[in-house]
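In the UniProt record's numbering, the protein residues as written are 1 to 488. C-beta: ideal position from N, C-alpha, C; glycine also. To start, the structure itself, in structure tokens.
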């Protein structure tokens, strides 16, 4: 009959295509509910409470022509309750209305998978979820679904609630339904989210919009591109390895556990690292921040850190002019950070890297802010470098460019003692007590008196009386030598 009407009433083609698209197959029966079919009646009463009702997707747009029918758009997900003649009784997951939809307008979804949903983030950890949700442009109410780390086959709901992230386990029943709270199971993830979007006070975390993924970043590289070859050291910021990028480029790889980081600060600090470029700063090459652990990839300096180098046979043979030149290079790099208002927080010889021709570059600038307070603190088995830290920072965690100046004075002491530990023989607590009483490190026998005066200027008790890095570079350190650099 349809073909006859299409052929004889060609002028109604556009109307007929809207009513019944030509691409709709002729086989109307779905075959999922048995063959005992009846004609649709206006007094049907489907039971919407069946949790095992199959999930379908609308293949075409359908406009309801009566109150018994349900309008759907292509791509809508539907819960189908029964088949009645050439129709199915269905409900959109995004709504509450129930009605008839032509059976050949829908198709059963063979396996429910959230992979195509905007709110589903596959393969990310709890810490990675926190980092994403706390990063712009995400805000209060942003949420995502991720795979559970502890229960295979189940999920977790992560929601940003102001400045923190709440996590909820989504458990799966034997029949495939999902729940956050026992006794409140839902046939699909969409229905679960729809319920908690409307009833967010139950979990005290509003679901406003799916998490916005980060834009593709040319700095972000897959871990598969990097090969770890040799462990170079370990410190407050994790392990440092010598490695290869794509099996060709030598690089240094810093490995940081996300559990040790402040997720809300990570993106901001990495952006800072990307924007800083100076010949006396270690250059960032790439990051691997998705998943565990985080890799920070930088240029590799062949001679290692300054502290170890000064303790080596080659380092111990350096002249005073070489040492002065190294100090000048560090002051030069710190002047750049000072101009950018970047506080290092951990300036020490161990964080200065040495390359060919005695080139010195500053590493780990700004990374201390990424560490959680219990990792970078003055209490317990302390990891804070107390003997390099200004008293106001050690006692009150007041970090500033002036506290970096204090640390620079200690670095000068390391340089002109060829790597000797400051306050040797004192505990951290004794060091703080002695400094508070006015004690200062004595002049090393290998240190020029002019340089020792610079150290004392850096160790002024009143932070405001300490010089700037610009002044150190231009007036004090440079004034101590008029000689050009002398390579080994």
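Is there contact here, the region 317-327 with the region 242-255, by at least three beta-carbon pairs under 8 Å? no
Looking only at C-alpha atoms, which of 188, 315, 108 sits nearest to residue 56? 108
I'd like to check one pair, residue 190 with residue 77: are the Cβ atoms closer than 8 Å? yes
Please classify residue 514: does DSSP put it in a helix, a strand, or coil? The question about residue 514 has no answer, for the chain in this structure spans 1 to 488.
Between residue 307 and residue 350, which are expected to be in contact by the criterion C-beta below 8 Å, what is the C-beta distance as a whole number of angstroms? 5 Å
Taking DSSP as the reference, what is the three-state secondary structure of residue 208? coil
Inter-residue spacing [alpha-carbon to alpha-carbon] between residue 73 and residue 100: 14 Å
The beta strand (DSSP E) enclosing residue 342, as first and last residue numbers: Element bounds for residue 342: n/a, residue is neither H nor E.
Straight-line CA distance for residue 274 to residue 88? 57 Å
What do you reckon, are the CB atoms on residue 129 and residue 180 nearer than 8 Å? no
Limits of the beta strand (DSSP E) - the one that residue 147 falls within: 142-147
Which residue from 333, 356, 392 puts its Cα closest to that of residue 364? 333
Would you list the residues sitting across from residue 256 in a DSSP beta bridge? 294
Taking residue 474 as the reference, give the member of 444, 143, 460, 336 with the closest Cα. 336
Taking the alpha-carbon positions, what's the residue 360 to residue 353 distance? 6 Å
Residue range of the beta strand (DSSP E) that residue 84 falls in? 77-84
Check whether the region 397-410 and the region 340-349 touch, using three or more Cβ-Cβ pairs below 8 Å as the test. yes
In the DSSP assignment, find the unbroken beta strand (DSSP E) run with residue 160 in it and report its ends. 155-161
According to DSSP, is residue 305 helix, strand or coil? strand
Is it buried or exposed, residue 462, if we count other Cβ atoms within 10 angstroms and call 16 or more buried? exposed
Going by DSSP, what residue range makes up the alpha helix (DSSP H) through residue 172? No alpha helix (DSSP H) contains residue 172, which is instead part of the beta strand (DSSP E) from 164-172.
8 Å Cβ cutoff met for residue 310 and residue 418: yes
Just to confirm my understanding: we take residue 63, look at its own chain, exclude 5 residues before and 5 after, and list those with CB closer than 6 Å. What are they? 71
Between 92, 385, 457, which has its C-alpha nearest residue 69's C-alpha? 92
Once DSSP output is grouped into helix, strand and coil, what is the label at residue 450? helix
Can you name the start and end residues of the beta strand (DSSP E) that residue 203 belongs to? No beta strand (DSSP E) contains residue 203, which DSSP labels as neither H nor E.
In three-state DSSP terms, what is residue 431? helix
Cα-Cα, which of 201, 140, 234, 294 is closest to residue 305? 234
Hey, residue 297 and residue 253: beta-carbon distance below 8 Å or not? yes
Tell me whether residue 412 sits in a helix, a strand or coil according to DSSP, three-state version. helix
Tell me the DSSP secondary structure of residue 461 in three-state form. coil
If distances are taken between C-alpha atoms only, which option among 291, 220, 391 comes closest to residue 270? 220
Rounded distance between the beta-carbons of residue 348 and residue 410, thought under 8 Å: 7 Å
Under the three-state reduction of DSSP, which class applies to residue 36: helix, strand or coil? Here the model assigns residue 36 a pLDDT of 37, short of 50, so the residue's position is not dependable, and the following value carries that caveat. Residue 36: coil per DSSP, three-state reduction.
Out of 325, 187, 388, 384, which has the shortest C-alpha to C-alpha gap to residue 357? 325
Beta-carbon separation of residue 524 and residue 444 under 8 Å? Within the shown structure, residues of the chain are numbered from 1 to 488, placing residue 524 beyond reach of any answer.
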